[in-house]
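See structure below.
Chains as they are written, first to last, in my numbering: chain B, 1 to 484; chain Z, 485 to 1016.
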């Protein structure tokens, strides 16, 4: 009971961190010049102001859910003949269609959060930013064969490749200091250094698992290793090396401010990160840009544990003495023994140990974009985004049309190819009323309205900033000719 | 905002979760190896041979054997010799009428002599030359009513002590008042007794010399001297002689062999090399001969086979006179090389008539018997598993009932149990299992057809393994069959056995022949959340 309570508290802490995380950046944000946080996507970018400060918890407030393979309609859809909804697991559901949607390795990314503190200011040396952010990078990887194994069972002569299965979940606080400067008239570069403090981590450092089934042999080959850092809890092992209890620090349970602060900026789980950006304007009409975000790692040293599952096992059935088998022992007991032996052997390969120090890298992202300015207030952008996940490289493409109606309104209409889905229609809108800046951005706005059941990803950014020193940039705009 | 967008979308029916059915169902298949094992003929033998009836030759060929002792006689437990006999010698008035006495004077010593033959009858030409006693006694009782003293001498050259000195015993009749009485005991341990053949008896002679000293008194009517010599509680160390070489055993009869009638299927069992081995141990100085005559097996259908022995009669060796005290061993083998014994068994006999005559080997006439002599005959029946059988059927009915939980056919839709075999045994097994209800009505059968469950291995012309057979049988328990198991109360098992070559040739069973098997299962489940 105590263990259960402790686990729930631990999970609560992680979920609590999730609520504060900075979500994956929206692609549409990349071209939203009216939003100060657009330099989060490319540190070379400079907001058109002298100073801004984000509203705590609202700069931005963001959420994202992204599935590589499955949309809502793959999971839930109307009953073919009755007035009800069914899941794909319903007797009338199409399980094969569900399986067809899955790739060999699939993932789900879910983010939700905000920055705790965000400001930027301009000096003669360039534009500086300072952000304090709680981040959680979470991703769940599941092989398509896992679903096949569950739904179709272990069939004759089948090999189920479960490589890559696992989860990466990092909760950490980030203090980021950025600078953007101009080199000549056409080139801006930016860099943002980050100090990272780990709150907790589950890291799949290796995940190789294959299961081959037949009536002659079950072959199971696994080489899996998971590293875990739980600074807020003590894990107690029993004599057999099995986790007996997880005891969360009472100070954490009681939300002791000092303890929470120590946990939030835990120097024992320290890491470094780096964002780089470049923005080049070869002409008034063309802007070329690129950025690399989250180059870095966290070195986890606090309350580190390792879970490994290494097995090379050929199960060729239980060897029996035929006379016993046909005698008093009985074949039904042998069936029980068979599966008991199998489960005992497989579970015996699972080891929990005090782990060694390990590093987990951040999910690096590469953005490469170009904009073509039809007029100073109308441009079209094309963006390539590459996410370097653990075992996958995920490519996204976004085309956008960006409009500015004076300083008051910035509007973006985007189209994105994400997760092999072609119908991501996004919008972004930013209002500036005096120093107050409000924005709402999503890469999936229209498909959430018109075909939400097909959506495989959804993100939403909402932000509120106070912007100062913007008039000088308006003046520049005013100096431009009306006809370009 | 996202929620609002969803609510206003034209596809909101996808998100009306209050209409979402909670019913879920999956139908996974599972295939898995369950068990495997191997059993060799050696294992089978070890399993079922708790009584030592099964063995194997050096080359591994298995045989069934049964051995029993037919005769085991220790001579000292048999009354071969009459244990007592006696003779009475009587001197009376004849003495008074004897002229020697009449003419004698007082003080004269007068000898009166008699000889008596002791003996016992023997059969035929049996002759006993000598006996060395181990125990027994000669009890001599003397009573004299003569009014004379005297000396009585009893002697015999036939009876000698262990130093081979003749027996002689002198008794003084010390009383002359007619009241003399005397008793004497002679321990015969170590004494040697020679005998003569007289008619149908063996005899020996005892001599009695009564020397009376004339006291001057008359010999009145009724006066006598009575001598009783009693040989009592006789036992011997050895007896030498000649036993009548005529018949000592003669027996005939008919043995019923009910096994083939009780188990008719055994009539399809043919044995290639049945054997009877008879072992003898003989320390008697009596070499025997045994003759089997008219051994005829008769089958139920009247078919007969007569035993023909190549070496006959059987001789049971014995130690000769130069090897007194030793044991002679003999062995008599009745098998394919020495007889047509196989033919007798392979007609599935219901009766076996026989006549046995036993006698002494007339080549040796120096017979002896020791008190330590032993005669033992042990018969060993040996059936090497070199055989064939065809149409051998077994049937049994077993009670069957599913456990209280039964089989949840709502979840288990289909089960296929596969049995793969690699069989080195030269034996084919056909198997069918019928499922019967409580009225013994057949509900279903486990196997869909009567195909061979276990094919036999391939053998060469000598019946030895050439190659193992490989086979796979699948037993399909589909939903209906699984459901019907609830009603099954009995299982009727029918099995047929057939040796390789359709039972037309002999095959051999070696201990290293094995039967390997693997059992795997395929199951199809249907798991519905509303039925759990």
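No residue lacks a Cβ here, since even glycine has one placed at the ideal position from N, Cα and C. The structure presented is a predicted model; accordingly, all values stated were derived computationally and were not measured.
I think residue 203/B touches residue 168/B, with their Cβ atoms under 8 Å apart; what is that distance to the nearest whole Å?
Residue 203/B sits at position 203 when you count from the first residue of the first chain. Residue 168/B sits at position 168 when you count from the first residue of the first chain. Between residue 168/B and residue 203/B the Cβ distance is about 6 Å, and since that is below 8 Å, they are a contact.
Neighbourhood of residue 56/B by C-beta, 7 Å cutoff - its chain only, sequence neighbours within 5 removed:
Residue numbering aside, residue 56/B sits at position 56 when the first chain is read from its first letter. The answer, listed in chain order, is 116 and 117.
Could you tell me which chain B residues have their CB closer than 9 Å to the CB of residue 513/Z, listed as they occur along the chain?
Here the question's residue 513/Z lines up with position 29 in the second chain. Result: 152, 153, 154, 155 and 156.
Where residue 165/B and residue 184/B are concerned, what is the direct C-alpha to C-alpha distance, given to the nearest angstrom?
By one-based count along the first chain, residue 165/B stands at place 165. By one-based count along the first chain, residue 184/B stands at place 184. Cα to Cα, the separation comes out at about 48 Å.
Quick one: which residues of the region 417–443 of chain B get their C-beta closer than 9 Å to a C-beta of chain Z? List them in chain order.
440 and 442
Does residue 110/B come out as helix, strand or coil in the three-state DSSP assignment?
Position 110 of the first chain, counted from the first residue, corresponds to residue 110/B. Correct three-state label for residue 110/B: strand.
If I measure Cβ to Cβ from residue 522/Z and keep anything under 6 Å in the same chain, skipping five residues before and after, which residues do I get?
If you number the second chain from 1, residue 522/Z lands on position 38. Hits under 6 Å: 998 and 1000.
In angstroms, rounded to a whole number, what distance separates the CA positions of residue 936/Z and residue 986/Z?
Position 452 of the second chain, counted from the start, is the residue given in the question as residue 936/Z. Position 502 of the second chain, counted from the start, is the residue given in the question as residue 986/Z. So the alpha carbons of these two residues sit roughly 12 Å apart.
Hey, how far is the Cα of residue 86/B from the Cα of residue 504/Z?
Here residue 86/B is taken as the residue at index 86 of the first chain, counted from 1. Here residue 504/Z is taken as the residue at index 20 of the second chain, counted from 1. Near 5 Å, if we compare the C-alpha coordinates of residue 504/Z and residue 86/B.
Which residues in chain Z sit within 7 Å of residue 69/B, going by Cβ to Cβ distance?
For this step, residue 69/B is matched to residue 69 along the first chain. What residue 69/B touches in chain Z: nothing, since even the nearest Cβ is about 18 Å away.
With a threshold of 7 Å between beta carbons, is residue 509/Z in contact with chain B?
Position 25 of the second chain holds residue 509/Z. Yes, residue 509/Z counts as interfacial toward chain B.
For residue 752/Z, go through chain B and note every residue whose CB falls closer than 8 Å to its CB, in chain order.
For the purposes of this step, residue 752/Z is taken as the residue at position 268 of the second chain. Near residue 752/Z there are no residues of chain B at all, since even the closest Cβ is about 25 Å away, more than 8 Å.
May I have the straight-line CA-CA distance separating residue 359/B from residue 387/B, to the nearest angstrom?
Here residue 359/B refers to the residue found at position 359 of the first chain. Here residue 387/B refers to the residue found at position 387 of the first chain. When rounded, the distance between both Cα atoms is 19 Å.
Does any CB atom of chain B fall closer than 7 Å to the CB of residue 1004/Z?
Here residue 1004/Z is taken as the residue at index 520 of the second chain, counted from 1. So yes, residue 1004/Z belongs to the interface.
Are there 16 or more other CB atoms within 10 angstroms of the CB of residue 100/B, so buried, or fewer, so exposed?
For this step, residue 100/B is matched to residue 100 along the first chain. Exposed, since its Cβ has fewer than 16 Cβ neighbours within 10 Å.
Backbone CA spacing between residue 1002/Z and residue 158/B [nearest angstrom]:
If you number the second chain from 1, residue 1002/Z lands on position 518. If you number the first chain from 1, residue 158/B lands on position 158. Taking the straight line from one Cα to the other gives about 20 Å.
Under 7 Å, Cβ to Cβ, is there at least one residue of chain Z near residue 211/B?
On the first chain, position 211 is the one that residue 211/B refers to. Chain Z contact via Cβ: absent.
Proximal residues of chain Z, C-beta to C-beta of residue 216/B below 9 Å:
As a position in the first chain, residue 216/B is number 216, starting the count at 1. Result: 517, 904, 1002 and 1004.
Check the Cβ-Cβ distances between residue 136/B and every residue of chain Z, and say whether any is below 7 Å.
Here residue 136/B corresponds to residue number 136 of the first chain, with the count starting at 1. No, residue 136/B does not count as interfacial toward chain Z.
Per-residue contacts from residue 319/B into chain Z (C-beta, under 8 Å):
If you number the first chain from 1, residue 319/B lands on position 319. Near residue 319/B (Cβ distances below 8 Å), the residues of chain Z are 519, 520 and 521.
The beta strand (DSSP E) that contains residue 555/Z, what's its start and end?
For this step, residue 555/Z is matched to residue 71 along the second chain. Per DSSP, residue 555/Z belongs to the beta strand (DSSP E) from 546–558.
Cβ pair residue 789/Z, residue 828/Z closer than 7 Å
Taking the first residue of the second chain as 1, we reach residue 789/Z at position 305. Taking the first residue of the second chain as 1, we reach residue 828/Z at position 344. Result yes, Cβ atoms of residue 789/Z and residue 828/Z sit closer than 7 Å.
Using the C-alpha atoms, what's the distance from residue 915/Z back to residue 426/Z?
One cannot answer for residue 426/Z here, as it falls past the ends of chain Z, which runs 485 to 1016.
Can we say the region 598–612 of chain Z touches the region 565–576 of chain Z, given the rule of at least three CB pairs closer than 8 Å?
yes
Quick check on the burial criterion: 16 or more other C-beta atoms within 10 angstroms. Buried or exposed for residue 996/Z?
Along the second chain, read from residue 1 onward, the residue named residue 996/Z stands at position 512. An exposed status is given to residue 996/Z, since fewer than 16 other beta-carbon atoms sit within 10 Å of its beta-carbon.
For residue 506/Z, count the other beta carbons within 10 Å of its own beta carbon; 16 or more makes it buried, fewer makes it exposed. Which is it?
Looking up residue 506/Z in the second chain gives position 22. Its Cβ having fewer than 16 others within 10 Å, residue 506/Z is exposed.
Could you pull the start and end residues of the alpha helix (DSSP H) that residue 744/Z belongs to?
Here residue 744/Z is taken as the residue at index 260 of the second chain, counted from 1. It spans 743–746 - the alpha helix (DSSP H) in which residue 744/Z sits, taken as one unbroken run.
Using the beta-carbon of each residue, which ones in chain Z are nearer than 8 Å to residue 323/B?
Within the first chain, numbered from 1, the residue matching residue 323/B stands at position 323. Under the 8 Å cutoff, chain Z gives 523, 527 and 531.
Residue 504/Z versus chain B: which residues are under 8 Å apart at the beta carbon?
Against the second chain, residue 504/Z aligns to sequence position 20. Chain B residues near residue 504/Z: 76, 84, 85, 86 and 87.
Neighbour-count burial assignment, residue 558/Z, 16 or more Cβ in a 10 Å radius:
Counted from its first residue, the second chain places residue 558/Z at position 74. Exposure of residue 558/Z is indicated by the presence of fewer than 16 other C-beta atoms within 10 angstroms of its C-beta.
Taking residue 779/Z and residue 745/Z to be in contact with their CB atoms under 8 Å, please state how far apart those CB atoms are, rounded to whole angstroms.
Walking along the second chain from the start, residue 779/Z turns up at place 295. Walking along the second chain from the start, residue 745/Z turns up at place 261. About 20 Å; that fails the 8 Å criterion.
Rounded straight-line distance, which links the Cα of residue 413/B to that of residue 96/B:
For the purposes of this step, residue 96/B is taken as residue 96 along the first chain, with counting starting at 1. For the purposes of this step, residue 413/B is taken as residue 413 along the first chain, with counting starting at 1. So the alpha carbons of these two residues sit roughly 36 Å apart.
Quick one, are the C-beta atoms of residue 677/Z and residue 620/Z less than 7 Å apart?
Taking the first residue of the second chain as position 1, residue 677/Z is located at position 193. Taking the first residue of the second chain as position 1, residue 620/Z is located at position 136. In this structure, residue 620/Z does not lie closer than 7 Å to residue 677/Z by Cβ.
Which chain Z residues sit within Cβ distance under 8 Å of residue 376/B?
Your numbering for residue 376/B matches position 376 in the first chain. Within 8 Å Cβ-Cβ: nothing; residue 376/B doesn't reach chain Z, min ~30 Å.
Can you tell me whether DSSP reads residue 508/Z as helix, strand or coil?
To locate residue 508/Z, count along the second chain from 1; it is residue 24. Reduced to three states, the DSSP call for residue 508/Z is coil.
Quick one: give me the first and last residue of the alpha helix (DSSP H) that residue 835/Z is part of.
Looking up residue 835/Z in the second chain gives position 351. It is not in any alpha helix (DSSP H) - residue 835/Z instead sits in the beta strand (DSSP E) that spans 833–844.
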